Amino acid sequence: MATFRDGLSDLTRTGSEAPFAPGSGPEVYIETYGCQMNVYDSQVIEGLLKRGGFRLGDNDLGADIILLNTCSVRDLAEHKVISRVGDLRHRRLKADLPQPVIGICGCMAERLGKKLRKGPRRVDLVVGVDSYDTLPDILHELTSARGVVVPETLRTRTGFSNDALYVAPPALYPTNNSHLVTIHKGCDYKCTYCIVPYTRGPQSEKDPDSILAEIRGIVAGGGREITLLGQNVTAYRWTDDLDFAGLLERVVEVEGLERIRFLTGHPRDMHPHLMDTIGRLEKICPWLHLPVQSGSDRILRRMKRLYTSGEYLDMVEYARRAIPDVTFSADIIVGFPGETESDFQDTLEVVRRVKYDQLFSFKYSERPGVPAARLADDIPVEEKKRRLAELMKVQEDTWAGEAAGQVGEIWTVVAEGKARRPAGSWRLRTPNNRKVVLHDASLEIGQQVKVRITGSTNTTFVGELLA
Ligand code: 5AD
Ligand code: SF4
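Using the numbering used here, you'd call the opening residue of the sequence shown number 1326 and step up by one each time.
Shown next as structure tokens:
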């Protein structure tokens, strides 16, 4: 495994001077919740703090500062974080250790702002998605000026700015062996259930030259695979002449880069030209994560998804023709306001037809202030649970049939690391995002091998190495 650069790339807009000499500052521990955007942002925060002289720790009890990088997409995600704050405080009390500085970053910081500074589980600071460059200074104030009152205005930093597009140093152990590269922030779609346009602000693009420089930096450090990230990567548009397909054309030119994935696309932006481009460019992995959310046209209209289930299925058919070996995954919400049994059955039908490799399914959770919050959240929680369970069962059955049909196939796979169980086994991944486990293999991370598929459990395949 190659080693990666440790420092922050020169591409990131910087704040002021480093408050501490390298490695001499307080220890920071970061916990990340939510989506890959947050995983990337935590890397950004780590980079900024490291450059500020802070030390990075790997556990809550040893840290002087704990940052929770949070998600607001569902009520439950937010509750988890609030109770985690209580838990972190309690652990210190029990261990008879001084209280850490606790900060909330990410989507909850943007959504709840100053409210997080009140009540029994209040935190010491709140920093939203476009204000991470303020972290070194405020954390310096909060840790070294103990006893001095830090003004309230410095403790809550939220609000959007178009040029706050941060660059993370490449990760040492990237997710799935894939280095994340955020290409834009925010979201201009207004799906009626979704909090993201309010927590991440309007869409704003990273410029293509910065994206390419970031990727070249990753490759120079030994990285071979990247995942282009954004709330709606397929809506990327730098100029009228450079859309997402155009960006892909430029990214594949980076020498030494072997695989390019992207997350998340919007079905409405998957136009034929983009699918043809993905199919034509070998380095682009043939895996489309395209959240369908519902299979009912009535519900899709209420969600403002801007496509019908028929259009979605046509797009899937086109993709199958245009992109060799393409696989699909998706997100689905059950129990959206007014969803009838018949609407739900339409969703199941789409799942059966598309045959997704993987589904991420959620019970509808009302988010305050979003357009759907004006509709009555009228599906009882027990019914939402029932629909979720039925959806998962249909997915499992559909997938089991698909998976069984793959036995005997020969796939090219890339080694990602040792598997936890059984001893001596390895985790690998196909370009189209299928997970494969090999028993008793001796491989290196990043090594590409050919395997014959012998079986599967859930979404993981078992294979044997071909000589
Ligand atoms: N309730 C439930 N699920 C939601 N998602 C987004 N907003 C909500 C909500 N209010 C799901 C969508 C999205 C995924 C990231 O989270 O399926 O694609
Ligand atoms: Fe959660 Fe959405 Fe924020 Fe990601 S962007 S952390 S999914 S609310």
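Every residue, glycine too, gets a C-beta built ideally from N, C-alpha and C. In this text, all values refer to a predicted model and were calculated from it rather than measured experimentally.
- Note that the C-beta distance between M1600 and A1647 is below 8 angstroms.
- For D1703, the distance from the CB to the nearest heavy atom of the ligand 5AD is not below 7 angstroms.
- About 18 angstroms separates the CB atoms of D1656 and N1757; that is not less than 8 angstroms, and the two are not in contact.
- Per DSSP, the unbroken beta strand (DSSP E) holding L1753 starts and ends at 1751 to 1754.
- Shown here for K1515: same chain residues with a beta carbon closer than 8 angstroms to its own, the five before and five after excluded, namely P1522, K1629, P1696 in chain order.
- Shown here, G1372 sits in a helix according to DSSP, grouped into three states.
- Around G1663, the same chain offers R1627, L1700, D1703 as residues with beta carbons nearer than 7 angstroms, after the five sequence neighbours per side are excluded.
- With respect to L1573, V1506 sits apart: the two C-beta atoms are not nearer than 8 angstroms.
- Between L1615 and V1732, the alpha-carbon positions lie close to 26 angstroms from each other.
- Secondary-structure assignment with DSSP links C1430 through a beta bridge to N1394, V1452.
- Using a cutoff of 7 angstroms, the CB of R1754 does not count as near the ligand 5AD, since none of the ligand's heavy atoms is closer than that.
- Distance check between R1575 and each of V1617, A1538, N1557, M1640 places A1538 closest, using alpha-carbon atoms only.
- Judged by their CB atoms, R1754 and N1501 are nearer to each other than the 8 angstroms cut-off.
- Around the beta carbon of N1487, fewer than 16 other beta carbons lie within 10 angstroms, which makes this residue exposed.
- Rounded to the nearest whole angstrom, the C-alpha separation of I1370 and Y1457 is 6 angstroms.
- The alpha carbon of G1590 has as its nearest neighbour, out of H1509, W1724, L1497, the alpha carbon of H1509.
- Placement of the Cβ of S1690 at a distance of less than 7 angstroms from at least one heavy atom of the ligand 5AD is found.
- Contact annotation: S1781 and A1728 have beta-carbon atoms nearer than 8 angstroms.
- The straight-line gap separating the alpha-carbon atoms of N1384 and L1413 is approximately 11 angstroms.
- At a cut-off of 7 angstroms, the beta-carbon of Q1720 does not count as near the ligand 5AD: no heavy atom of the ligand is closer than that.
- H1591 carries a coil assignment under DSSP once its states are collapsed to helix, strand and coil.
- Two segments are said to touch when three or more pairs of C-beta atoms, one from each, lie closer than 8 angstroms; by this definition the stretch 1481 to 1497 does not touch the stretch 1396 to 1403.
- The nearest non-hydrogen atom of the ligand 5AD is less than 7 angstroms from the C-beta of Y1518.
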